[in-house]
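Participant: Take a look at this one; I'll ask things after.
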Amino acid sequence: MPTFGLLGPLLVHDGTQERAVGGHKVRVLLAALLLAANRTVSKDALKEALWGARPPATADASLFNHLTRLRRQLAFLGDEPQRITAVPHGYRLHVADGEFDVEVFQGQVDAARAAHLRQDWAEAAERSAAALALWRGGPLADLPEFADAEPQLPVVRQLAEARLQALEWGFDAQLALGRRPELIGRLTALAAEHPLREAFHRQLMLALHGAHRQAEALEVYARLRATLAEELGVDPSAAVRAAYQEVLAQEVPTADAPADATVAVPAQAPAEPPTPAFRPLHQLPADAGLFTGRDAEVARLTALLRPGAAPGGEAPGRAPRPVVVSGMGGVGKTALTVHVAHLLHADYPDGQLYADLRGFGPGGRRDPRDLLVRFLSDLGVRDESLPGDMDDCAALFRTVLAHRRMLLVLDNARDAAQVVPLLPGSGGCAVVVTSRHTLTDLPAAVLLPLAPLTSADQEVLLAALCGSERVLEEPEAAAEILARCGGLPLALSVVGGRLASRPGWPLSLLARRLSSGTGRLPELTVGSLDVEATIGMSYVAMRDSDLPPERAVARAFRLLGVWPEYEVTPHSAAALLDLPVRDTARLLDRLTDVHLLQSPAPERYGMHDLLGEYAAERLRAEEPAEPRARAELRLLAWYVAAVESASAITVGETQPPPPLPGPPTAPPPPFADAHEALAWYVRELPAIQHAIARAGALGRSDIAWRLAVGLFGYGDTYWWTGIWDAALRSALDIAVAQDDTVGRAWLYRRIAVAHGMAYRNEECLENLGVALELFERAGDITAQASILGNLSALHVQAGRPEPGLAYALRSQELYREVDVPGSESLVLGRIADALQLAGDYAGAVEHQRRRLGLLRALGRPTALATLLTNYGAALQHLGERAEAFAALDEALAIRRQLSDYGGEADCLAATARVHHHFGEWEAARECWQACLDLARFHLLPQREQECVAGLAALEDACAAGGLR
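According to the numbering used here, the sequence shown is numbered sequentially starting from 55.
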């Protein structure tokens, strides 16, 4: 039995018995991790699973606690492999093959589907039964609120649909094997439970027919036909009608006949209206022999195109709603559409019409009238009857289709104008359009954007193309190839074809070629398949357009090749493109509509990595060097302005760095408050790190050091990650190499602060000394005042109150000479910290209370949390228990809201000491333990030592008091 189960109530099994998983939140957490087994689940996704769209301020700490409880409850599974691992940005649950009932179920369902397609009825029956045996009830039956929420709901529905499919395939197999009478009871119940599911009614008719109960079989058909007409306004499908004809013919198939075998109906007793006089058309291209994955998209498109199943249900006489499958070149739009169209052949007895509209690619786009003439001719309209006007041709086309049931596949459309004349006006037809453009202006269209393949689907396709043994033998090389193909079926077809034609090649050889510095695109070509040519068609069409707006969109795409690996916003792209923000936003939206950009979040835009490589290549080939360099420098200068703005609102430096000369290239992000600025820092951090490196490569140390120094607002909250330290060191290397004295002074000053935040006191003192000397030479009084304040904080941190107070007072004197806004709050904090360390708690509290009002007015959450922590610690010594814990609780809430785990650990340690001070041993132990867990999880060694010492002191105090 699988270890983990979601097909019914949540289940954990140790091989002999079910093991309880206690706590509702812990069960939800396990379910969320299982639904993405062996894949990373972001912290945000887990918080949404536990608390919905608006998690509480304490969500990060609570999530950590729930994960700790879950690890303990799964400890019986052993430590190898580690079940739940922390990875960048989230967590991953390791599940081995055969351990998860959903994966086993899906494997059996896939095997049943394959057996059904090749009419291996014994295998189909066995696999269907194996899948259904795992079904214990509705998925996540004991967690209904979680199951009904996004994004779980589509998965739950997909599993329920897979169960029904398995039932259908199993019944088909058993009918084909001659086991008809014993199926009647179950099929009767299923047909009643699913009155619109035609397959169960068809199978019930055949089962009754096989038991020589023709009258009851005909009643089933009559009920189904009436229900479909009443509910959906459609007739039964061709497969159901074929079964009806079989019953009328009173011929019972043998065990060797397939379940959907049809028998000719005697001419004297027709049961349906006469078939059309013309021969059905079957114009679809061949289905892809190795079509793989995309189960959700196949199910969605099938549902949309099945007669009567369009959104809202089509009323008789109403025009069908076209379905637009859109996506970037090579993503598999045509393959998906043709595959689904073949699956639906029985639903459209009058056939399929297919045309490549050549919206993109060589040969020029096709004229709608030419296509109408071709379609009408195919439908039997004589050439002499064809009108000369396109509108008249379109009207005649709608008339001819009015009483026919056909599927129209319009492939590779350029725009809505090319499609509209080809749409039926009413009747039982369906239309599916593929395009690189979203076609949002196509009337009443249902949009189905197509994303790259999932990693699982990619692996299956690669194994099918080049052999599963080769993939299993070199899993790391296979993973690298998949990553380099970016989920594009076309790219996978190319590499699969190359590997299949070179059986002696190891996968690692192709992986190395795809990873070489020359780029991937030259390697992604074989025969007539060329990834670069395919993905570039949209760009080339706009670049060579006669319309200036399209050429402007093409140039924007090309210039975005300066920054292909990172997302942009309208503000950052405005700097890059040297355009107003509003005009830039329109260009970005246009690029998204034509699938040259992706928009994963509002006003954030990025490139698929292969398109990014293509854009960079086009930039080098088509844009002169000077405009390229200017565009990149504009973007780097914008990042300088952005980090300066974020730092000003998060920490409010008494002396910000001098700005870059010249006006800003575009307005920085409009931050509403410090929380928004901190979120921006976290989101943009990889891009800022890259910007520092690029500035150094361009010889612009003045940009590099300002970017690193501007991360002060990030480092003040997230110092414990070590990322700010690395950025400062990189910028210092650049400043030293380029002999930038001003940059060196500012970097030594901020490096000292970073060391102090991490309790590296000797390194902090050394760098403060270097910085102070450089600013004294420059005669910068404000910088000297700030550095003296840093020296005060360092001595207090090192346990030396007298020099700490002396430096604070000297800093205060210098600040008064230059009258710097915001310096009063900073100096009050320095003096209060020194007084508190010296034991003058009343004096410390007096200064802290004066500073509290200033910080609340400024809206600086990190500084406020630090002050509240120190304030609570000072109040304990004055016996003010209630006020002390109120301050500490507020500080802890702020830290957790910011996901500031280092600050949270500080606050927990302070709270533990206050509980200890008031003799609240158990509360103190809980705080020390929570702090210790955080310190170990986030690699804070000094804090870990402090927690161990605090717990030991607590044990000693308990022993002395006779308590445990």
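Note that the Cβ used here is the ideal one computed from N, Cα and C, for glycine as well.
1) Just grab the DSSP bridge partners of D410 for me.
2) Tell me, please, which residues DSSP counts as bridged to A140.
3) Report the three-state DSSP secondary structure of D584 (helix, strand or coil).
4) With 16 other CB atoms within 10 Å as the buried threshold, where does P740 fall?
5) What is the rounded straight-line gap between the Cα of V796 and the Cα of A911?
6) What does DSSP give as the partner residues of F58 in its beta bridges?
7) Taking 8 Å as the threshold, find out whether the stretch 697-712 comes into contact with the stretch 753-767 through three or more Cβ pairs.
8) Enumerate in chain order the residues of its own chain whose CB-to-CB distance from A789 is below 8 Å, with the five nearest sequence positions on each side excluded.
9) Using a Cβ-Cβ cut-off of 6 Å (strictly less than) and excluding sequence neighbours within five positions of A115, which residues of its own chain qualify?
10) Mind checking whether the beta-carbon of Y768 lies closer than 7 Å to any heavy atom of the ligand HEM?
11) Assuming P376 contacts L477 under a Cβ cut-off of 8 Å, what Cβ separation, rounded to an integer in Å, is found between them?
12) Verify the CB distance criterion: does E707 have a CB-CB separation below 8 Å to chain D?
13) Could you please give the first and the last residue of the uninterrupted alpha helix (DSSP H) stretch that includes P602?
14) Given A1007, which residues of its chain have a CB within under 6 Å of its CB, disregarding the five upstream and five downstream residues?
15) Out of E604, A166, I238, which one is the CA nearest neighbour of H255?
16) When DSSP labels each residue in this structure, what does V874 get in the three-state scheme?
17) In the DSSP output, which residue or residues are listed as bridge partners for L501?
18) Rounded to whole angstroms, what's the CA-CA distance from D569 to R420? Just pull it up for me.
19) Is it right to say H393 is buried, meaning 16 or more other beta carbons lie within 10 angstroms of its own, or is it exposed?
20) Count the other CB atoms, across all protein chains shown, that sit within 10 Å of the CB of G753; report buried if there are 16 or more and exposed otherwise.
21) Between L564 and the rest of its own chain, which residues show a CB-CB distance below 7 Å, the 5 nearest in sequence each way excluded?
22) According to DSSP, simplified to helix, strand and coil, what is S652?
23) Given that a residue counts as buried once 16 or more other Cβ atoms are within 10 Å of its Cβ, and exposed if not, what is Q996?
24) On a CA-only basis, which of G716, A733, P717 is nearest P724? Give me that one, please.
25) Mind checking A400: buried by the 16 CB within 10 Å criterion, or exposed?
26) Residues in the same chain with beta-carbon distance under 8 Å from L355, minus the five sequence neighbours each way, listed in chain order, please.
27) Taking C-alpha atoms, which residue in A246, H263, W773 lies nearest to R233?
28) Going by C-alpha to C-alpha distance, which of E867, L186, L845 sits closest to D887?
29) Look at the alpha carbon of G541 and the alpha carbon of A353, and state the distance between them as a whole number of angstroms.
30) In whole angstroms, what is the alpha-carbon distance linking R714 and A691?
31) So, is D600 buried or exposed, given that buried needs 16 or more other C-beta atoms within 10 angstroms?
32) What are the start and end residues of the alpha helix (DSSP H) that includes Y593?
33) On a CA-only basis, which of A896, A892, Q890, H901 is nearest E878? Give me that one, please.
34) What does a CB cutoff of less than 6 Å around A321 pick up in its chain, not counting 5 residues either side in sequence?
35) Is L286 helix, strand or coil by DSSP?
36) Just mark M460 as buried or exposed, buried being the case when its beta carbon has 16 or more other beta carbons within 10 Å.
Facilitator: With the given structure in hand:
1) D465
2) For A140, the pairing in a beta bridge is given by DSSP as Y145.
3) The three-state reading of DSSP puts D584 in strand, counting E and B together.
4) exposed
5) 33 Å
6) V66, F154
7) Verdict: yes, contact present.
8) Excluding positions up to five away in sequence, the list reads S755, A758, W759, G797, R798, L801.
9) So the qualifying residues of the chain are R950.
10) Among the ligands in the structure shown, none appear at all, so the ligand HEM cannot be discussed.
11) 6 Å
12) Although the question refers to chain D, the structure presented lacks it and comprises just one protein chain.
13) For P602, the enclosing alpha helix (DSSP H) stretches over residues 602-613.
14) none
15) I238
16) Residue state for V874 is assigned as coil, using DSSP reduced to three classes.
17) V378
18) The question names Asp, but residue 569 is Ser in the sequence shown. Approximately 39 Å between the Cα atoms of the pair.
19) buried
20) Under this definition G753 is an exposed residue.
21) I535, V549, R552, L553
22) According to the sequence shown, residue 652 is Gln rather than Ser. Strand.
23) exposed
24) A733
25) exposed
26) Setting aside the 5 residues that flank it on each side, L355 is surrounded in the same chain by V377, V379, L390, T391, V394, V486, L502, each with a C-beta closer than 8 Å to its C-beta; the list follows chain order.
27) Checked all of A246, H263, W773; the closest Cα to R233 is H263.
28) L845
29) 20 Å
30) What sits at residue 714 in the sequence shown is Leu, not Arg. Approximately 8 Å between the Cα atoms of the pair.
31) When all chains shown are included, D600 counts as exposed.
32) 591-597
33) H901
34) Any reading at A321 must be qualified, since the residue scores a pLDDT of 31, below 50, and its modelled position is unreliable; the value itself is stated next. Counting only Cβ-Cβ distances below 6 Å, and skipping sequence neighbours, we find nothing.
35) coil
36) buried
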